[in-house]
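Chains as they are written, first to last, in the numbering used here: chain A, 1 to 384; chain B, 1 to 333; chain C, 1 to 365. Backbone N, C-alpha and C define an ideal beta-carbon position, used for all residues, glycine too. Presented below is the structure to which this report refers.
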Amino acid sequence: MRVSALVCAAAIAVAGSAFAQQKQTVKLAFIGPLTGGVSANGIGGRNSADLAVRLRNEDPKAKYRYELVSLDDECKPNTAVQAATKAAADKSIVAGVTHYCSVTAIATVDTYHKFGFPIVVWGAVLPDITYRNKYAEVHRVNGTMINQNDVAAKFMTGQGFRRWVIIHDTTDYGKAHDKYFTEYLGKYGGQVVGRFGVTADQQDFTAELTKAKELKPDVIYFGGLTPIGVRIRSQMERLGMNAVFEGTSGIKSDSYIEGLGNKLAEGSLSFIEGAPWEKLPGGLYFTGKYAQAKYEQGPEAYGPFAFAAANLLMDTIEKVGPDRKRVIAELARVKDKDSIIGKITFDDHGQNVVPLISKYVVQDGKWVIWEDSEYGKGQRKLKH
Amino acid sequence: MGDLGGQRVWQGPAQAEALTRVVDVGLLGQYVANGLMLGVIYAMVAVGFTLFFGVLDVIQFSHGDVLTVGAFTGLATFIAVQAAGIASPWLQLLFVILAASAAMALLGALIAKYLVLPLRSAPPLNILLLTLMLGAALRECVRLFYPQGANPKPFPRLLPQDSLALGSFTLRVDNLMLLAGGVAAIVAVHLVITRTRLGLAIRAVAQDAETARIMGIHFDRVVLLTFALGSALAALAGVMNGLYYNEINFSIGLLLGVIGFSAAVVGGLGNIYGAILGGFLFAALQTIGAVLLPGIFPGLPSAYKDVFAFAVVIGFMAWRPTGLIAERTAERV
Amino acid sequence: MTGFIGIAAIAAFSYFFLHAESQPAVLGLIAAAVVGVPLLGRFGWIERASRSLEANKLGGRIAIAIALAAIVWLFREENFAMLMLASVLFYTVACLGLTVQFGYAGVVNFAGAAFLGVGGYTSAMLAPHLPHVLVLVVGGLLAALVGSILILPILRTRGHYAALITVAFGILFRQFVEVNDALGGPQGLQVKGLDLFGWDLNSPIGELSFYTNYVLVGLALAALAFMLVRRLERSWVGLNLDAVRLDETACAVFGIDVARWKILAFTFGNFFAGVAGAAYAMMTGFVAPNSFTFADSLIMVSIVLLGGVGNAWGVALAAAIMLVLPEKLQALQEYRFLLYAVLVIAILMVRPQGLIPRRARDYFA
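Next comes the structure, spelled out in C-alpha cells:
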C-alpha cells in the first residue's frame, strides 16, 4: 500500500515536472492582405512573420512557445476592422504584427486603442497612422511616405523632368501621396499640370488618361497600389502615351512586373523607405533563412519589416511576459534596438525613424536599385 | 396645353468650355471609340439576358458570372495551349475562343436543365434569387478554386499590338478587331434568330410556349439551346473583355451582369434590338458621365459616371416602366 | 409543456454551440442538429411544441425571454460571443423590415444593405452632435426618406423591372458613398460609440464585455421591432398588405389603394433598416462603402427567405444561423459566401417556404 502510494507520488511528481517544463504558449496575431490584388505582399509579410516565430521556437533559450494567428484584412477597411476586433477581443492574443495597406491600418488604430492591444505596423506608410493620435498601442517599424516623396521629388526634378500629371487613388493613402508629393515638387521646381483621383478598384482609366495625354506631361506620378498601377500603365500604352511612369512603394512588387510583362514594365520607377535589404546587416541572414524555409511566395518589399516587427514583439514578451499592458510600456522604451532592418528607435508617437530611401527602376523584368542599374549609370535612358 | 416646346440647353460658361474641349475631333474620336468598345460588350451581355427572358420569362442573373467563368476558361486554355507548344497567337486565340464558348454553352445548358427549368412555375422572385445566388456561387468558385483566383490575372495579348496615331486619337488595330468581332457576333446571333429554323423555334417559344409545343417544337431542347447560345456569347464577351483590358479578375461579371441586365431592361426585355440599343445607350451614359460631368462640376471624380448612369436608368424606368421597345404582355387576371 | 422543453433545448444547444471552440465539437453539434431536427419533425415533436407554444403565448414569450437572459448572462464576459449576439439582433431588426416589405406587401428590395448604410452614415455624421436616441430615430427616418426616392419607379413597375430598380439603387448607393469625400470616401468614417443618457456603452461594466451593453440595446430594439411587426401582421393593415401582395388587380377592383399600401410597407421597412444600421454602426465603430455592397443586400434577402418569408421568428432563427455559423466554422471562413449561396439554392429548390413557413392567417384564434 505504501509502496504503491510512493510510486504514485513519484509518477505524479515526474508528470508534474514535465508539465512545469512545458513552455507556456503565447499567441501573436498577424494581419495583412492575404487575398485580393496585393495578396503577394500580404502573404510575403505573413511568411516572414511566420519565419521569425519558427526560428524563435527553435531557440531553446526562449521562455515561451509562440504561435502566429494570421487574419486576412483583404486590404479593405471594414474587413480590417473586423479582423482587428477579432484579434484584439481574444484575450489569449498578446500583440499583433499588423497591416500592409494604409487604408486598413488607419481604420483600425481606434479599435486597437479601444481594446488596449499593442501592435507594430509592418508595411503601411501613411503618416497619420502614428501621427494623427498619440496612442500608446500603435507602433511602426517601417518609414512613412513623407521622406519617400521628398526624395522622389528631388530625384526626378534632378533628372530634368518638369511637367507632372498626378494620378492617385481616392483612399487616404493615395490622397496623402498626392499631398506630400505636390508639396515637395513645388519645393524643387516641378510643375503639376493635372491631377486625377481614381477609385482603388477602378477598371477603366481611358477617360482620365485621354485628358492627361492632352496636357503633355513628362511624368505620370502614380499614388496607389499595384493592381491599378498595372492597369494604368497598360492603358497608357493603349493610348500611345509616352510619359515616364513614376510610382511609390505601392508598386514595388513582383506582381507589378508579372502583370505587365517585361516590355511594358521597363523603365517604371519606385521609391521605398529603408536601405535595400541585400545591403542591410541582417539582410543576407534573412534571405538565407527564408529560402531555406521554402515558402511558395517571396517576401516582397516589406517582408523584412514584418520579420523585424515579429522579432521585436517576441523580444519584448520575453523581457516582460505575455501581458498587454507591460508590452505597451516596454515598447515605448525601444531605443537603438538591433534588427535585420537596422536600429529601431520609436519616437514619442511610436514611429521608427528610417532616414534612408531607396530608388528602384524596372530593368529587364526585375526591380533594380537605381545606382546599380544601367539607367543610373547612364547606359540607358528613361523613355520620355 | 400641348406645348411640347423646344428644349432649353443651359449655356453656362463651364459647359461651353467642356464642349469646345470635346469638339477637338481627335479627342472626340477617342471617347467615341472607348464608348463603342464598352457598348459592344454590354450589348453582348444584354442580348443574352433578353434571349433567356424571351424564352422562359426568367432573368438569369448568373449570366454575368458565366462571363467571368468563360474568361477564366479562356485563360486556362491559353496556359494549356502555351504549354503544349503552340506558339502562333492566331491559333492560340482560336483555341481560347472555341474552348471558352463551348465550355460556357455546356454550363449554360446545365444551368437551364437542372436549376431553371424545374423551377419554371415557382414565383419569379424565387428564380431571381436562385440565379443571383448561383452567380455568387460561380464567382466564389472562381475565387476559391482557380489558383490564386482572388488576385487579378493578366490576360495574354493575343491580338496585334500596332497602333496608328492620328493627332490626339490613337487608332489601335486590336481595338478595331475587337469591335469588329463583337459586332460580327451580335450580327451572327441575329441571323441565327431570324434566318434559321432554330431561331424560328426560339421565337415561337418566346411568343407562346404552349402553342409552340402543340406545333411540335421540342420545348426543353429549344430552351437548352437558347441558354447555350446566350452563354457562348457571354464567354466571347468575357474573352474580349480580357483582351481589351489585358486583365481579368473574379468580380468582372458582377458589374457587367448588372449593367447588361439594366441595358436589356432599358431596351425592353424580350427584344434583341432593344438589348443592343440598351447596351450602347448605357455605354454612352457612362462616357457622357465621365466626360461632361467633370466639365460642369470641376473636380468631380470621373467615378461618378456609374452613379450618373444608374440614376438615369432608375429615372428612365419611372418614365417608361417597360423599356424603350416595350414588351407586349398579357396577364391572366 | 413541450413548447417549454423545446425552448430550453434550443437554449442549451445555443450555449454549447457558442461555447465550442474546437472544430470537431462544432461539427459534431451541427451534425446533431442536422440529423436531429428532421427526426424530431418526423415524430411530430415539432408540431406538438409549436402548438403548445401557440396555446400558451404569454408563457412562451416569458420562456424565450428567460432563455435569452440566461445565454447573455452566461456569456457576459466573452467579447466575441456578445458581438455575434448583438449583430444577430441588429440584423434581425433590419430583416424584419425587409419582411414587411416583401413578406407582407410583396415589394421586392435588393438594396437592404444600402438602407443599413444610410443609417450607419447618419450615425457617423450626427453622433457627435445629437443625443444618440435621436440619432437612431433620425437614421431610420433618413433611410425611409432616401427610400422614398425609389417609390415612383417602384410603383410604376412590376416584377423584374421593380427588382432592377432596387438592384441599381444598391449599387448606386455604394458608388456614391465611395466617391464622395464628404462622407469619408473609400476610407469610411469612424463612428462614436452609443451613449444613452449618460451611459457610455463603449465602457465595460466591471469585467463584463462592453458588447454586452449593445446586446441589451439590441434586445430592446429587437423586442420592439418584433412586437410592432406581429401587431402589424394581425391588424387590418397587415390584411391589406397581404391582399396587395397576393393579387394587385383584384385589390384594385375592390377599391384598395395599392400604391398607398406599397408606399407604407416600403417606408416602414426602410425605417427599421435605418435604425438597425445606425445602432450597428455605433457598435462596430466604423462605416465604409465596402460594408454595404450588393452582396450584403443578398445576405439580408437570403435571411428573410431562409427563415420563411413573412415569419418573424423565422427571421431571427435564420439571422442566427447565417451570422453565427460561418464564424464558428473557421475552416469555412474563406468559403463563407459560397456556403450561403449553396444553402440558399438548396432551400429554394427543396423547401422554398423556408425553415419556418409562415402560418396561414387564423381569424378565429
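Using a C-beta cut-off of 8 Å, the region 65-75 of chain B makes no contact with the region 311-328 of chain B, since fewer than three inter-stretch Cβ pairs fall below that distance. For the C-beta of C/Asn79, the chain A residues within less than 7 Å are, from N- to C-terminus, Ala89. Under the Cβ criterion of 8 Å, B/Arg213 is not counted among the residues facing chain A.
In terms of beta-carbon proximity, A/Pro118 stays away from the interface with chain C, with every pair separated by 8 Å or more. Residue-level contact by beta carbon holds for C/Ala288 and chain A, with a gap shorter than 8 Å. Out of B/Cys141, B/Asp220, B/Ile272 and B/Val32, the CA that lies nearest to the CA of B/Thr194 is found in B/Ile272. Within the same chain, Tyr290, Ala293, Tyr295, Gln297, Pro299 and Gly303 come within 8 Å of A/Asn47 by CB-CB distance, once the 5 residues on both sides are set aside. Contact residues of the region 257-288 of chain B toward chain C are Val258, Phe261, Ser262, Val265 and Leu269 (C-beta to C-beta distance below 8 Å). In the same chain as B/Ala283, and ignoring 5 residues on each side of it, the C-beta atoms closer than 7 Å to its own belong to Gly35, Leu38, Gly39 and Tyr42, in chain order. Interface residue (Cβ-Cβ distance to chain C less than 8 Å): A/Ala107 is classified as such.
Taking a C-beta distance under 8 Å as the contact criterion, B/Phe61 and B/Arg143 do not qualify as a contact pair. DSSP places A/His168 within a strand segment (E or B) once states are collapsed to three. At a Cβ-Cβ threshold of 8 Å, C/Ala225 and C/Leu96 count as neighbours.
DSSP, reduced to helix, strand and coil, places A/Ile119 within a strand of the structure shown. Around the CB of A/Ala83, 16 or more other CB atoms lie within 10 Å, so the residue is classed as buried. Look at the beta carbons and you see the region 136-143 of chain C touching the region 112-127 of chain C: at least three pairs across the two are nearer than 8 Å.
Taking the Cα positions, C/Leu150 is about 16 Å away from B/Ser262. Phe196, Gly197, Val198, Thr199, Gln202, Gln203, Asp204, Thr206, Ala207 and Glu208: these are the residues of the region 190-208 of chain A whose beta carbon lies less than 8 Å from some beta carbon of chain B, given in chain order. Beta bridge pairing from DSSP links B/Ala165 with B/Thr170.
Under the 10 Å beta carbon count, C/Thr249 is surrounded by fewer than 16 other beta carbons and is classified as exposed. Residues of chain B with a Cβ closer than 8 Å to the Cβ of C/His19 do not exist; the shortest Cβ-Cβ separation is about 29 Å. Taking 8 Å as the CB threshold, A/Lys179 stays off the interface with chain C.
Taking C/Gly310 as the centre and dropping the five residues before and after it, the same chain places the C-beta of Thr99, Gly103, Tyr104 and Arg358 closer than 7 Å to its C-beta, in chain order.
Three or more beta-carbon pairs drawn from the region 221-239 of chain B and the region 98-108 of chain B are found closer than 8 Å, and the two stretches are therefore classed as touching.
Straight-line spacing of the CA atoms in A/Ile257 and A/Ile341 works out to 25 Å.
Residues of the region 167-185 of chain C with a C-beta less than 7 Å from any C-beta of chain B: Val167, Ala168, Phe169, Ile171, Leu172, Gln175, Phe176 and Val179, listed in chain order. Only Ala150, Asn151, Pro152 and Pro154 from the region 127-161 of chain B bring a Cβ to less than 7 Å from some Cβ of chain A. Under the Cβ criterion of 8 Å, B/Val222 is not counted among the residues facing chain A. When rounded, the separation of the alpha-carbon atoms in C/Tyr340 and C/Thr293 is 16 Å.
Each of C/Ser123, C/His160 and C/Gly147 was checked against the Cα of C/Leu189, and the nearest Cα belongs to C/Ser123. Between C/Ile345 and C/Leu317, the C-beta spacing is not below 8 Å.
In this chain, the alpha helix (DSSP H) harbouring B/Lys305 covers Tyr304 to Trp319. Relative to the Cα of C/Arg361, the nearest Cα in the group C/Arg234, C/Leu246 and C/Ser297 belongs to C/Arg234. A/Cys75 and A/Thr98 do not touch by the CB rule: their CB atoms are close to 13 Å apart, not below 8 Å. Annotated three-state conformation of A/Ser255 is helix, per DSSP.
When C-beta atoms of the region 260-280 of chain C are compared with those of the region 79-93 of chain C, three or more pairs fall below 8 Å, so the two segments count as touching.
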